[in-house]
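Colleague: Protein chains in written order, with the UniProt record's numbering: chain A, 1 to 264; chain B, 1 to 264.
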DNA sequence: GATCACAGTCCGAAATATCGGACAAGCCGG
DNA sequence: CCGGCTTGTCCGATATTTCGGACTGTGATC
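1) With residue 116(B) as the anchor, note down where its beta strand (DSSP E) starts and where it stops.
2) Using a Cβ-Cβ distance cut-off of 8 Å, determine whether residue 92(B) contacts chain A.
3) Quick one: what does DSSP say residue 255(A) is sitting in, helix, strand or coil?
4) Specify whether the region 99-107 of chain A and the region 68-76 of chain A touch according to this definition: at least 3 beta carbon pairs, one from each stretch, less than 8 Å apart.
5) Measure from the C-beta of residue 249(A) to each C-beta in chain B and report whether the shortest distance is under 8 Å.
6) Out of 238(A), 209(A) and 37(A), which has the shortest C-alpha to C-alpha gap to residue 153(A)?
7) Could you compute how far the alpha carbon of residue 35(A) sits from the alpha carbon of residue 119(A)?
8) Just to confirm before moving on: does the CB-CB distance between residue 271(A) and residue 108(B) stay below 8 Å?
9) State the DSSP-derived secondary structure class of residue 67(B), mapped to helix, strand or coil.
10) Quick check on the DSSP output: what are the complete alpha helix (DSSP H) runs of length 4 or more inside the region 184-257 of chain B, in order along the chain?
11) Look at residue 233(A) and residue 106(A) and say whether their C-beta atoms are less than 8 Å apart.
12) Pair every Cβ in the region 208-226 of chain A with every Cβ in the region 246-258 of chain A, then say whether three or more of these pairs are closer than 8 Å.
13) Does residue 265(A) get closer than 8 Å to chain B when you measure Cβ to Cβ?
14) For a cutoff of 8 Å on Cβ pairs, would you count residue 235(B) as touching chain A?
15) Quick one: any contact between the region 78-86 of chain B and the region 195-214 of chain B, if contact means 3 or more CB pairs under 8 Å?
16) Kindly indicate the opening and closing residues of the beta strand (DSSP E) around residue 79(A).
17) Once the 5 residues before and after residue 260(A) are set aside, which same chain residues still bring their CB inside 8 Å of it?
18) Going straight from the alpha carbon of residue 165(B) to that of residue 149(B), what length do you get?
19) Rounded to a whole number of angstroms, what is the C-alpha to C-alpha distance between residue 304(A) and residue 69(A)?
20) Going by beta-carbon coordinates alone, are residue 147(B) and residue 91(A) separated by less than 8 Å?
21) Am I right that residue 236(A) and residue 207(A) are in contact with their C-beta atoms under 8 Å? What's the rounded C-beta distance?
22) When the cut-off is 8 Å and only beta carbons count, does residue 36(B) lie next to chain A?
23) Listing by chain order, which chain B residues have their CB less than 7 Å from the CB of residue 89(A)?
24) Along chain B, which residues have their Cβ under 7 Å away from the Cβ of residue 68(A)?
25) Just to make sure I have the definition right: I need the residues of chain B whose C-beta is within less than 9 Å of the C-beta of residue 260(A). Which are they?
26) Under the three-state reduction of DSSP, which class applies to residue 51(B): helix, strand or coil?
27) Which stretch, first to last residue, makes up the alpha helix (DSSP H) that contains residue 169(A)?
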């Protein structure tokens with residue numbers, strides 16, 4: 001009879017229930033999610049403030065977690081961040097999921113041979129999520145962050161990942177706010193739907209200058225036995241990449257995607 | 001190493017205090033460590049038994065953790081294992097440690113170009129630890145498990161990682177039991193010390209048929225500003241790899257190791 | 001269909017972990 | 001040298017979480 005506290009979005013209010021006292025485990029979850037959002041070490045006092053956890057509680061928990069190697073004290077200045085245990089458990093997870101285990105060498109091979117950033121992506125709820133990311137050889141690496149959720153319409157992969165839904169289902173599935181880009185521009189819904197249909201027909205998706213003005217994304221689907229797109233494999237390249245090269249990359253992606261797909 | 005030595009006698013004591021009641025967070029830590037030791041999904045009832053946690057408590061915690069994506073229900077048969085959040089946090093950790101971030105492309109590049117399993121290793125307490133592992137292209141992949149601690153004398157890297165210690169310090173540092181190999185053979189301490197001196201002099205270490213009869217390990221040091229070996233980069237290859245090839249690999253490793261080392 | 005083993009839920013009681021706030025120590029600027 | 005600010009430790013009270021055990025549902029075995 002757990003009440004539906006589905007959210008998880010808020011920062012301060014998220015952890016502490018209305019009045020005050022919370023379970024240690026809930027505070028720990030809030031702490032880790034906070035660090036993940038920050039993507040940089042944080043000082044204990046700041047964690048306490050930003051997660052709404054009492055200071056003494058944070059000290060107590062951090063000690064426990066540091067001992068277990070879940071967290072690590074950094075820089076000697078009392079900042080904390082994730083510890084090696086997270087890497088161990090994370091590797092166990094990657095190895096345990098069949099599709100990811102197969103996708104890994106594929107992604108590294110693409111990045112290594114083509115020299116551009118390659119990624120493996122899925123849906124997580126109604127958001128797009130980078131699962132694997134292998135940076136290319138460029139000086140200024142273009143790469144997304146693993147485990148950060150992004151609105152579906154912002155990405156090429158997103159256009160493939162919803163291609164099993166009808167237009168109405170898609171509109172219902174994707175939150176309206178997600179059609180607004182970081183710079184305030186808005187993606188037209190009907191254009192988005194056209195993109196999806198084209199991507200489905202041609203077996204790949206391409207977006208240009210969406211999230212930022214300098215990158216193009218090329219994506220190919222990974223499909224399950226029912227033909228549904230359950231993941232994508234993609235390149236992130238500069239917008240000025242010559243068309244011929246892009247075409248070559250798309251072919252490469254398509255064959256990688258097909259290799260990872262279950263034959264129908 | 002095919003034998004996953006699942007230590008069935010997981011310590012009931014480790015988690016709970018003498019009498020009975022324990023903090024949720026301690027239960028969770030025990031649960032995660034247990035899954036990591038198993039390296040395979042476990043059913044809730046088994047987790048309860050093996051970690052000495054009350055059944056109702058495990059159900060409660062697993063629900064909470066599954067909601068946070070720390071754990072995942074598998075197979076529909078009620079087994080649980082690590083969830084994607086561990087991967088997200090683990091990636092954050094890898095990105096946050098300078099040396100590891102630099103080592104990663106190096107290791108993948110070695111594995112990709114040479115085609116043999118490449119690893120990046122450090123010490124964790126008085127044990128040897130695989131931090132990065134990139135499998136090679138062989139049909140029967142030889143590879144160790146990330147986050148599993150191994151006695152120092154069992155490995156080539158171990159011989160480099162303690163080379164800043166005097167013979168007496170080494171003997172004090174490494175537990176006596178660690179000189180016994182999985183098959184019961186015992187490594188002679190003076191031979192081990194000789195190996196270390198030679199490895200230090202020649203700038204690489206090699207061990208053959210130690211942990212199992214079919215593999216050779218080649219390792220080169222990564223040194224800090226003080227010249228101390230803080231990590232190693234290594235190949236795991238079949239024993240019958242021709243000497244000329246091994247020599248070439250050693251040179252490759254040495255240059256990778258040097259690249260990651262701080263110039264003195 | 002009776003019996004058993006196992007998976008999962010539920011509930012009240014009591015042991016205790018969380019929390020607030022007090023306190024010591026360090027640092028800084030004036 | 002003093003006041004203000006921050007970091008970290010400590011302690012007692014009580015609101016809460018853990019735990020034991022009863023209970024239901026399901027599937028297998030005989």
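Virtual Cβ for every residue (Gly too), placed ideally from N, Cα, C.
Modeller: With the structure as the only source:
1) Here the question's residue 116(B) lines up with position 116 in the second chain. No beta strand (DSSP E) holds residue 116(B); DSSP gives it neither H nor E.
2) Locating residue 92(B) in the second chain gives position 92, where the first residue counts as 1. At a cut-off of 8 Å between beta-carbon atoms, residue 92(B) makes contact with chain A.
3) To locate residue 255(A), count along the first chain from 1; it is residue 255. Helix, per DSSP.
4) No, they do not touch.
5) Position 249 of the first chain holds residue 249(A). With respect to chain B, the C-beta atom of residue 249(A) has no partner C-beta closer than 8 Å.
6) To locate residue 153(A), count along the first chain from 1; it is residue 153. The option with the nearest alpha carbon to residue 153(A) is 209(A).
7) The residue labelled residue 35(A) in the question sits at position 35 within the first chain. The residue labelled residue 119(A) in the question sits at position 119 within the first chain. One C-alpha to the other measures close to 23 Å.
8) Residue 271(A) falls outside the range modelled here, since chain A spans only 1 to 264, and no answer is possible.
9) Here the question's residue 67(B) lines up with position 67 in the second chain. Helix.
10) Taking only runs of at least 4 residues, the alpha helix (DSSP H) segments lying wholly in the region 184-257 of chain B are 189-202.
11) Locating residue 233(A) in the first chain gives position 233, where the first residue counts as 1. Locating residue 106(A) in the first chain gives position 106, where the first residue counts as 1. Against a cut-off of 8 Å, the Cβ pair of residue 106(A) and residue 233(A) comes out as a contact.
12) As far as the Cβ criterion goes, the region 208-226 of chain A touches the region 246-258 of chain A, which means the pair count is three or higher.
13) For chain A, the structure presents residues 1 to 264; residue 265(A) sits outside this window and is missing.
14) In the second chain, residue 235(B) corresponds to position 235, counting from 1. Chain A, which has no Cβ nearer than 8 Å to the Cβ of residue 235(B), makes this no.
15) The region 78-86 of chain B, when compared against the region 195-214 of chain B, does not touch it at the 8 Å Cβ threshold.
16) In the first chain, residue 79(A) corresponds to position 79, counting from 1. Taken as a continuous stretch (DSSP letters only), the beta strand (DSSP E) holding residue 79(A) covers 79-82.
17) Residue numbering aside, residue 260(A) sits at position 260 when the first chain is read from its first letter. Around residue 260(A): 99, 102, 103, 106, 222, 231 and 233.
18) Residue numbering aside, residue 165(B) sits at position 165 when the second chain is read from its first letter. Residue numbering aside, residue 149(B) sits at position 149 when the second chain is read from its first letter. Computed Cα separation, rounded: 20 Å.
19) In the structure as shown, chain A begins at 1 and stops at 264. Residue 304(A) is therefore absent and cannot be evaluated.
20) Here residue 147(B) refers to the residue found at position 147 of the second chain. Here residue 91(A) refers to the residue found at position 91 of the first chain. Pairing residue 147(B) with residue 91(A) gives a Cβ-Cβ distance under 8 Å.
21) Within the first chain, residue 236(A) is the residue found at index 236, counting from 1. Within the first chain, residue 207(A) is the residue found at index 207, counting from 1. Wrong, their Cβ atoms sit about 10 Å apart, outside the cutoff.
22) As a first step, residue 36(B) must be located in the second chain, where it is residue number 36. Judged by the 8 Å Cβ criterion, residue 36(B) is in contact with chain A.
23) As a first step, residue 89(A) must be located in the first chain, where it is residue number 89. Those are 32, 36, 82, 86 and 90, listed as they occur along chain B.
24) In the first chain, residue 68(A) corresponds to position 68, counting from 1. Within 7 Å Cβ-Cβ: 29.
25) For the purposes of this step, residue 260(A) is taken as the residue at position 260 of the first chain. The premise fails here: residue 260(A) is roughly 17 Å from chain B at the closest Cβ pair, so nothing lies under 9 Å.
26) Position 51 of the second chain, counted from the start, is the residue given in the question as residue 51(B). Of the three classes helix, strand and coil, the one that applies to residue 51(B) here is helix, per DSSP.
27) Reading the first chain from its first residue, position 169 is the one you call residue 169(A). Residue 169(A) -> alpha helix (DSSP H) spans 167-173.
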